[in-house]
Amino acid sequence: MIARLLTTLFLLFATTAMAQEEKPGIQIGLSQEVVEISSSFTGTEIIVFGSIENGIAEDLKAGLYDLVVVLEGPRELVTVRRRERKLGIWVNGTARDFIDVPSSYSVASTKPFSQITGAEDARILQIGLDNLSFQPVEGGSDDPLNAEFQASVKRLKTDKSLYLESPGGISFLTPSLFKARLAVPANVPIGQHTARAFMFHKGKFIESQFLPLTVKKIGFEQFTYDFAHEHGFWFGIICVIVAAFTGWLASVVFRKN
Amino acid sequence: MLVNLYLPIAEMSVNVLVLFSMGAGVGFLSGMFGVGGGFLMTPLLIFYNIPPAVAVATEANQIVASSFSGALAHLRRAAVDIKLGIMLLVGGIAGSAAGVVIFSALREAGQLDLIISILYVLFLGTIGTLMVIESLGAIRKARKAAASGEEVAPTALPTHRPWIANLPFKMRFERSQLYLSVIPVLVLGFLVGILASIMGVGGGFIMVPAMIYLLRVPTNVVIGTSLFQIMFVTMFTTVAQAATNQTVDIVLAFILMVGGVIGAQFGAHAGQKLKGEQLRALLGLIVLAVCLRMGWDLVTTPDELFSLGTGGH
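Protein chains in written order, with the numbering used here: chain A, 31 to 287; chain B, 8 to 320.
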């Protein structure tokens with residue numbers, strides 16, 4: 031017992047002493063690891079907690095450490111279509127495909143992005159909507175058409191509240207402990223999401239950490255969706271039986287009227 | 008109270024009261040006018056931002072419920088020519104299957120929403136105009152007759168239909184007392200089947216006039232036989248859409264069904280208080296209003312030129 035206490039104390043001292051030498055970094059945790067979508071789901075909020083490890087005390091107090099937290103939905107192939115006027119009617123004309131487009135993207139930070147780091151770093155780390163770039167299937171990224179179509183993906187996703195920026199959405203609880211609030215909209219895509227935290231010190235990128243977040247339907251919604259997609263034929267048969275029964279019930283209930 | 012509901016297939020949160028009211032409202036009109044209502048319900052669902060693919064397939068499922076209760080009532084009164092209904096059904100199932108294939112292809116090409124809108128504008132525009140012209144003529148005639156105190160003789164149908172009478176593969180339909188080639192029957196069923204898959208309508212608004220004017224089916228069995236065929240074709244369409252495109256939303260369909268059957272009961276009572284030609288004029292105007300709204304969306308410059316899809320082009 032005493033031996034164990036001594037060992038623990040020794041280890042604690044050792045880590046504290048070594049901490050001076052150790053690289054600064056971050057640790058993060060999520061308020062929940064799973065978002066469940068039931069019939070009453072109208073959106074929620076995810077909180078990412080974290081702490082800056084081995085930071086320089088004076089710099090922590092002076093607020094020289096900055097953070098960006100991104101919550102990103104599963105990546106997918108997206109087709110963007112542009113409506114064009116043909117014979118007086120607006121029809122879907124030119125289309126462009128982009129691969130690995132995040133189905134949702136919500137970002138929070140301690141300050142506006144331009145004050146956190148240089149344009150080059152922000153672009154490489156793909157922090158903020160302006161720096162998010164998608165890989166076009168045809169044509170290069172310098173193709174002006176691709177640039178226009180890519181911008182429209184961001185605009186459309188923003189209109190549907192799937193892409194969201196909240197500069198200042200991260201607050202410090204202590205000089206090294208922080209909290210990021212990220213909104214999850216009602217139409218959040220199903221699948222594996224990733225929460226990613228980036229740490230900066232005086233404008234320089236130091237480290238990033240990530241954690242997975244599962245978004246899934248539960249109960250009746252889950253069962254119905256899975257069944258409809260895996261056993262479409264039998265799902266159709268059930269839909270027909272429900273409809274026929276409803277129709278029959280109506281004819282019985284209202285027959286006397 | 009549960010007002011917002013998440014639809015499992017459409018994958019969106021909707022207001023149950025709004026959808027129920029839409030079902031009841033269209034049900035009221037269909038009870039009043041004796042029409043299926045699919046051609047009004049599908050555009051309304053699209054106006055409510057339900058994806059057109061889901062709206063069309065789900066509406067086919069709702070029509071199963073309304074046509075089933077209607078067909079049962081007509082079967083009890085033996086007002087169905089089952090043999091004719093089965094021949095229409097053979098054509099209808101082939102048409103519906105073809106329609107589901109066309110539907111999938113258009114969806115992949117990104118042109119499904121456009122084709123649905125164009126078809127609606129064409130059909131609603133034509134039928135609405137014909138209904139308004141015909142009913143206004145009937146109202147004028149009734150007024151003139153009332154003024155002169157004479158009985159109005161119903162317009163007699165021309166008795167000959169040479170091109171249809173000369174077609175081969177004739178078949179006897181005892182209930183309708185018809186000796187008729189199966190070709191126009193199969194073709195009519197086929198065309199209506201395609202409409203069921205692509206537009207989410209029962210097709211009664213085409214089938215009933217075609218049966219009366221082209222096939223000369225006696226009016227006492229027309230509605231029952233048409234409902235009999237619509238019921239089975241929409242059953243087939245529901246299963247085919249569910250198996251191929253996974254676009255039947257059972258929760259949405261159920262809300263609409265319940266609203267629809269209740270609304271239809273009140274509509275039927277209200278309909279008895281209005282004159283036939285006034286009813287037809289009113290329905291014609293409603294049909295034209297929906298047509299104009301859809302047509303307007305096709306020709307005006309949209310606020311947003313771009314749209315997103317998944318799965319490539």
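Heads up, the beta-carbon is just placed ideally off N, CA and C, and yes, glycines get one too.
No experiment lies behind these values; they were computed from the predicted model shown.
N- and C-terminal bounds of the beta strand (DSSP E) containing residue 157 of chain A: No residue range can be given for residue 157 of chain A, since it is assigned to no beta strand (DSSP E) and is classified by DSSP as neither H nor E.
Cβ-Cβ distance between residue 239 of chain A and residue 58 of chain A below 7 Å: Cβ atoms of residue 239 of chain A and residue 58 of chain A: closer than 7 Å.
Contact list for residue 73 of chain B against chain A, beta-carbon separation under 7 Å: What residue 73 of chain B touches in chain A: 277.
In chain order, each alpha helix (DSSP H) run of at least 4 residues that lies wholly inside the stretch 61-124 of chain B: Considered as a whole, the stretch 61-124 of chain B harbours 89-115 as its complete alpha helix (DSSP H) runs of no fewer than 4 residues, in chain order.
Residue interval of the beta strand (DSSP E) (run including residue 14 of chain B): Boundaries of the beta strand (DSSP E) harbouring residue 14 of chain B: 11-14, taken from the DSSP string.
Minimum C-alpha distance to residue 317 of chain B - residue among B/114, B/27, B/11: That would be B/114, whose Cα lies nearest to the Cα of residue 317 of chain B.
Residues near residue 216 of chain A in its chain [Cβ-Cβ closer than 7 Å; skip 5 each side]: 71, 72, 73, listed in sequence order.
As assigned by DSSP and simplified to three states, the class of residue 98 of chain A: Three-state result, residue 98 of chain A: strand.
Short CB-CB distance (under 7 Å) between residue 54 of chain B and chain A: Not closer than 7 Å to any Cβ of chain A, the Cβ of residue 54 of chain B fails to qualify, so no.
Nearest-angstrom Cα separation, counted from residue 290 of chain B out to residue 117 of chain B: Those two C-alpha atoms are separated by around 33 Å.
N-terminal and C-terminal residue of the alpha helix (DSSP H) that residue 227 of chain A is part of: Not the alpha helix (DSSP H): residue 227 of chain A falls in the beta strand (DSSP E), residues 221-231.
Environment of residue 95 of chain A [buried if 16+ CB atoms lie within 10 Å]: Residue 95 of chain A counts as buried, since no fewer than 16 other beta carbons sit within 10 angstroms of its beta carbon.
In chain order, each alpha helix (DSSP H) run of at least 4 residues that lies wholly inside the stretch 122-157 of chain B: Runs of the alpha helix (DSSP H) inside the stretch 122-157 of chain B: none found.
DSSP beta-bridge partners of residue 120 of chain A: BP columns for residue 120 of chain A point to A/115.
Backbone secondary structure at residue 175 of chain A - three-state DSSP: Helix at residue 175 of chain A.
With 16 other Cβ atoms within 10 Å as the buried cut-off, status of residue 253 of chain A: Exposed.
CB contact flag (residue 105 of chain A, residue 130 of chain A, <7 Å): Yes, they are a contact pair.
Counterpart residues of residue 106 of chain A in DSSP-defined beta bridges: DSSP lists A/131 as partners of residue 106 of chain A.
Members of the stretch 108-128 of chain B that neighbour chain A once the beta carbon cut-off is set at 7 Å: Of all residues in the stretch 108-128 of chain B, 117, 118, 121 have a Cβ within less than 7 Å of some Cβ in chain A.
Residue range of the beta strand (DSSP E) that includes residue 247 of chain A: That run of the beta strand (DSSP E) goes 234-247.
Residue 13 of chain B versus residue 25 of chain B: straight-line alpha-carbon distance, rounded: For residue 13 of chain B and residue 25 of chain B, the distance between alpha carbons rounds to 14 Å.
Host alpha helix (DSSP H) of residue 91 of chain A (start-end): Per DSSP, residue 91 of chain A belongs to the alpha helix (DSSP H) from 87-91.
Contact the stretch 264-281 of chain B vs the stretch 31-46 of chain B: 3+ CB pairs below 8 Å: Three or more beta-carbon pairs drawn from the stretch 264-281 of chain B and the stretch 31-46 of chain B are found closer than 8 Å, and the two stretches are therefore classed as touching.
is_contact[residue 227 of chain B, chain A] using C-beta, thresh 7 Å: Cβ-Cβ to chain A under 7 Å: no for residue 227 of chain B.
Residue 204 of chain B - containing alpha helix (DSSP H), residue span: Taken as a continuous stretch (DSSP letters only), the alpha helix (DSSP H) holding residue 204 of chain B covers 189-206.
Beta-carbon proximity check, residue 215 of chain B vs residue 94 of chain B, cutoff 7 Å: No.
For residue 182 of chain A, three-class secondary structure by DSSP: Here residue 182 of chain A carries a helix assignment [DSSP, helix/strand/coil].
The stretch 265-273 of chain B touching the stretch 21-36 of chain B, judged by at least three CB pairs closer than 8 Å: Contact between the stretch 265-273 of chain B and the stretch 21-36 of chain B is present, because at least three Cβ pairs lie under 8 Å.
Contact under 7 Å by Cβ, residue 117 of chain A with residue 229 of chain A: Cβ distance not < 7 Å, so residue 117 of chain A and residue 229 of chain A don't count as in contact.
Euclidean distance between Cα positions of residue 85 of chain A and residue 206 of chain A: Inter-residue distance for residue 85 of chain A and residue 206 of chain A is about 8 Å (C-alpha atoms, whole angstroms).
Any C-beta of chain B under 7 Å from that of residue 103 of chain A: No, no contact with chain B.
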